[in-house]
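A.B. asks: Residue numbers (the working numbering): 9 to 386. No residue lacks a Cβ here, since even glycine has one placed at the ideal position from N, Cα and C. Since the structure is predicted, the reported quantities are computational estimates derived from the model, not experimental observations. Next up is a structure, given as structure tokens.
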């Protein structure tokens with residue numbers, strides 16, 4: 009449910025910052041601040057998650073995120089805008105704990121057998137519903153009750169999961185081997201060594217990074233694509249986002265029929281290839297309906313790839329280091345988002361918009377071809 013609050017603020021935070029300042033630079037800063045905590049805090053969060061009760065981590069992280077969101081209400085004037093930025097950073101720091109803690113806790117609750125694939129599929133489906141409904145709901149709340157209404161809904165979206173997590177059976181904390189900052193740093197280093205030393209993890213990390221880098225670059229160019237290539241108003245990008253959400257829902261539901269029943273490298277290679285092909289069709293579409301159809305098609309294998317990656321990590325990695333490994337993948341995804349967003353305009357300057365859209369679509373296809381080379385046979 010906390011995902012819903014995050015999606016509500018996708019619309020609300022840029023709106024509030026621009027309303028207060030009228031500055032696109034200030035708005036861009038708010039968006040950039042969302043990626044920084046995941047990169048800087050994420051690895052350390054993983055090390056701490058492997059030392060603490062994960063149930064407790066989820067409760068405290070949800071409460072911390074709620075407090076950060078509430079602080080955003082204070083950013084009502086230009087001189088108080090730093091309070092909104094501070095609240096945004098606090099929320100994202102808490103979120104750096106939420107994702108790996110949730111990933112690490114799920115196998116302890118659902119087990120590592122057939123139920124795990126079903127649980128991951130259900131979780132991905134719920135996230136898909138939130139991604140589809142969140143931005144329109146955020147827009148509705150802004151129009152009806154203003155920024156305060158969106159913030160109140162976001163705070164509730166963190167408080168409710170915190171309360172529900174209290175009802176979970178207590179999961180034992182991993183055995184601690186020492187205390188102090190140096191010990192945590194040592195355990196973080198061990199997590200990095202595990203990621204680098206495992207061909208499976210190393211291969212999945214490399215391919216997911218390439219995939220999400222291309223994805224981020226293409227996402228950054230969606231509005232120019234809609235305006236210049238499809239000759240539609242910029243706000244029509246919402247049709248593509250909605251189509252992707254529908255495809256993601258279908259893929260999330262279908263993933264339980266694929267994940268766990270077929271080799272991971274086969275699933276990932278096929279999924280990335282299908283996404284890349286759909287991207288090529290989308291960005292060479294003659295009109296919005298055709299582009300939206302290809303976007304929906306891309307969402308189906310995209311969701312399957314996400315579920316397959318998470319499931320394999322949970323099934324293969326020992327629970328005592330699962331927090332660090334999950335945080336490593338989350339940090340890689342955040343770096344990919346920043347890298348892709350930075351590469352997109354540079355590539356446009358070199359080969360133009362159409363060439364850039366084709367290049368990054370082909371990157372996804374090449375990533376699919378790299379999967380059998382980088383991942384071990386089952």
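Taking 8 Å as the threshold (C-beta atoms), are residue 279 and residue 321 in contact?
C.D. replies: Counting from 1 along the chain shown, the entry for residue 321 is found at position 313. Counting from 1 along the chain shown, the entry for residue 279 is found at position 271. Not closer than 8 Å, so no.
A.B. asks: Assuming contact is defined by CB atoms lying nearer than 8 Å, are residue 248 and residue 282 in contact in what I supplied?
C.D. replies: Translated into the one-based positions of the chain shown, residue 248 becomes position 240. Translated into the one-based positions of the chain shown, residue 282 becomes position 274. No, these two residues do not count as a Cβ contact at 8 Å.
A.B. asks: Closest to residue 267 by CA distance: which of 83, 310 and 71 is it?
C.D. replies: For this step, residue 267 is matched to residue 259 along the chain shown. Nearest option by C-alpha distance: 310.
A.B. asks: My understanding is that residue 228 touches residue 349, with C-beta atoms under 8 Å, so please give their C-beta distance in whole angstroms.
C.D. replies: Taking the chain shown and counting its residues from 1, the one referred to as residue 228 is at position 220. Taking the chain shown and counting its residues from 1, the one referred to as residue 349 is at position 341. Indeed, because the Cβ distance is near 5 Å, the residues count as touching under 8 Å.
A.B. asks: Assess, as a yes-or-no matter, whether the stretch 316 to 333 is touched by the stretch 244 to 261 under the definition of 3 or more beta carbon pairs within less than 8 Å.
C.D. replies: Taking 8 Å as the limit for Cβ pairs, the verdict is that the stretch 316 to 333 does not touch the stretch 244 to 261.
A.B. asks: Is the number of C-beta pairs between the stretch 359 to 373 and the stretch 91 to 106 that are closer than 8 Å three or more?
C.D. replies: Segments in contact, no.
A.B. asks: Would you list the residues sitting across from residue 239 in a DSSP beta bridge?
C.D. replies: In the chain shown, residue 239 corresponds to position 231, counting from 1. In DSSP, residue 239 forms no bridge with anything.
A.B. asks: Could you give the residue range of the alpha helix (DSSP H) that holds residue 319?
C.D. replies: Within the chain shown, the letter at position 311 stands for residue 319. Start and end: 296 to 324.
A.B. asks: Going by the CB atoms, is the gap between residue 208 and residue 380 shorter than 8 Å?
C.D. replies: Within the chain shown, residue 380 is the residue found at index 372, counting from 1. Within the chain shown, residue 208 is the residue found at index 200, counting from 1. Not closer than 8 Å, so no.
A.B. asks: Residues in its own chain within less than 6 Å of residue 83 by CB, not counting five upstream and five downstream?
C.D. replies: Numbered from 1 along the chain shown, position 75 holds the residue referred to as residue 83. 89, 91 and 92, listed in sequence order.
A.B. asks: How many Å lie between residue 24 and residue 234 at the Cα?
C.D. replies: Translated into the one-based positions of the chain shown, residue 24 becomes position 16. Translated into the one-based positions of the chain shown, residue 234 becomes position 226. Looking at the two C-alpha atoms, the distance is approximately 25 Å.
A.B. asks: In the DSSP assignment, what are the bridge partners of residue 267?
C.D. replies: Here residue 267 refers to the residue found at position 259 of the chain shown. Partner(s): 270.
A.B. asks: If we ignore side chains and look at the alpha-carbon of each, how far apart do residue 175 and residue 52 end up?
C.D. replies: Sequence index remark: in the chain shown, residue 175 carries index 167 (1-based). Sequence index remark: in the chain shown, residue 52 carries index 44 (1-based). Near 27 Å, if we compare the C-alpha coordinates of residue 52 and residue 175.
A.B. asks: Over what stretch of residues does the alpha helix (DSSP H) that includes residue 215 continue unbroken?
C.D. replies: Translated into positions along the chain shown, residue 215 becomes position 207. Counting along the chain, the alpha helix (DSSP H) containing residue 215 begins and ends at 207 to 228.
A.B. asks: Output the boundary residues of the alpha helix (DSSP H) element that contains residue 337.
C.D. replies: Numbered from its first residue, the chain shown carries residue 337 at position 329. Taken as a continuous stretch (DSSP letters only), the alpha helix (DSSP H) holding residue 337 covers 330 to 382.
A.B. asks: Whose C-alpha, out of 356, 45 and 374, is nearest the C-alpha of residue 339?
C.D. replies: Your numbering for residue 339 matches position 331 in the chain shown. Here the closest residue by C-alpha is 45.
A.B. asks: What are the boundary residues of the alpha helix (DSSP H) that residue 55 is part of?
C.D. replies: Residue numbering aside, residue 55 sits at position 47 when the chain shown is read from its first letter. It spans 50 to 57 - the alpha helix (DSSP H) in which residue 55 sits, taken as one unbroken run.
A.B. asks: Could you round the C-beta distance between residue 296 and residue 240 to whole angstroms and report it? I think they count as a contact, below 8 Å.
C.D. replies: Taking the chain shown and counting its residues from 1, the one referred to as residue 296 is at position 288. Taking the chain shown and counting its residues from 1, the one referred to as residue 240 is at position 232. Correct: roughly 5 Å between the Cβ atoms.
A.B. asks: With distances taken between CB atoms, is the gap from residue 103 to residue 73 smaller than 8 Å?
C.D. replies: For the purposes of this step, residue 103 is taken as residue 95 along the chain shown, with counting starting at 1. For the purposes of this step, residue 73 is taken as residue 65 along the chain shown, with counting starting at 1. Yes, the pair counts as a contact, with Cβ atoms nearer than the cut-off.
A.B. asks: Which same chain residues end up closer than 8 Å to residue 378 when comparing Cβ atoms and leaving out the 5 residues on each side of it in sequence?
C.D. replies: Position 370 of the chain shown, counting from 1, holds the residue named residue 378. The answer, listed in chain order, is 214, 215 and 218.
A.B. asks: If residue 287 and residue 226 are in contact, beta carbons under 8 Å, what's the gap, nearest whole angstrom?
C.D. replies: Position 279 of the chain shown, counted from the start, is the residue given in the question as residue 287. Position 218 of the chain shown, counted from the start, is the residue given in the question as residue 226. About 7 Å separates the two Cβ atoms, so the contact holds.
A.B. asks: Kindly list the residues whose CB is nearer than 6 Å to the CB of residue 346, restricted to its own chain and excluding five residues on each side of it in sequence; keep chain order.
C.D. replies: For this step, residue 346 is matched to residue 338 along the chain shown. The answer, listed in chain order, is 43.
A.B. asks: On the premise that residue 329 lies in contact with residue 202, defined as a C-beta separation below 8 Å, what is that separation, rounded to the nearest angstrom?
C.D. replies: For the purposes of this step, residue 202 is taken as residue 194 along the chain shown, with counting starting at 1. For the purposes of this step, residue 329 is taken as residue 321 along the chain shown, with counting starting at 1. Yes, they are in contact, since the Cβ atoms of residue 202 and residue 329 sit about 6 Å apart, within 8 Å.
A.B. asks: Kindly indicate the opening and closing residues of the alpha helix (DSSP H) around residue 62.
C.D. replies: Counting from one through the chain shown, the residue named residue 62 turns up at place 54. Where residue 62 is concerned, the enclosing alpha helix (DSSP H) stretches over 62 to 79.
A.B. asks: Using the beta-carbon count (16 or more within 10 Å), is residue 357 buried or exposed?
C.D. replies: Locating residue 357 in the chain shown gives position 349, where the first residue counts as 1. When all chains shown are included, residue 357 counts as exposed.
A.B. asks: Who are the near neighbours of residue 27 in its chain, counting only those whose CB is closer than 6 Å to its CB and skipping five residues on each side?
C.D. replies: Sequence index remark: in the chain shown, residue 27 carries index 19 (1-based). Correct list: empty, nothing qualifies.
A.B. asks: My output table needs one value for residue 43: the three-state DSSP class, helix, strand or coil.
C.D. replies: Counting from one through the chain shown, the residue named residue 43 turns up at place 35. Residue 43 falls in the coil class under three-state DSSP.
A.B. asks: Does DSSP put residue 389 in a helix, in a strand, or in coil?
C.D. replies: Residue coverage of the chain in this structure runs from 9 to 386, which leaves residue 389 outside it and unanswerable.
A.B. asks: Residue 162 and residue 77: beta carbons closer than 8 Å?
C.D. replies: Residue numbering aside, residue 162 sits at position 154 when the chain shown is read from its first letter. Residue numbering aside, residue 77 sits at position 69 when the chain shown is read from its first letter. A contact, by the Cβ cut-off of 8 Å.
A.B. asks: Just the C-alpha distance for residue 191 and residue 269, rounded to the nearest angstrom, thanks.
C.D. replies: Residue mapping note: residue 191 aligns to position 183 of the chain shown, counting from 1. Residue mapping note: residue 269 aligns to position 261 of the chain shown, counting from 1. So the two alpha carbons sit approximately 39 Å from each other.
A.B. asks: Give the straight-line distance between the Cα atoms of residue 116 and residue 128, rounded to the nearest whole angstrom.
C.D. replies: By 1-based counting over the chain shown, the position of residue 116 is 108. By 1-based counting over the chain shown, the position of residue 128 is 120. Roughly 13 Å between the two C-alpha positions.
A.B. asks: Just the Cα atoms here: how many angstroms apart are residue 99 and residue 80?
C.D. replies: What you label residue 99 is simply residue 91 of the chain shown in a count that begins at 1. What you label residue 80 is simply residue 72 of the chain shown in a count that begins at 1. About 10 Å.
A.B. asks: What whole-angstrom Cβ distance do residue 68 and residue 211 have, given they're in contact under 8 Å?
C.D. replies: Reading the chain shown from its first residue, position 60 is the one you call residue 68. Reading the chain shown from its first residue, position 203 is the one you call residue 211. Not really, about 34 Å apart at Cβ, beyond 8 Å.
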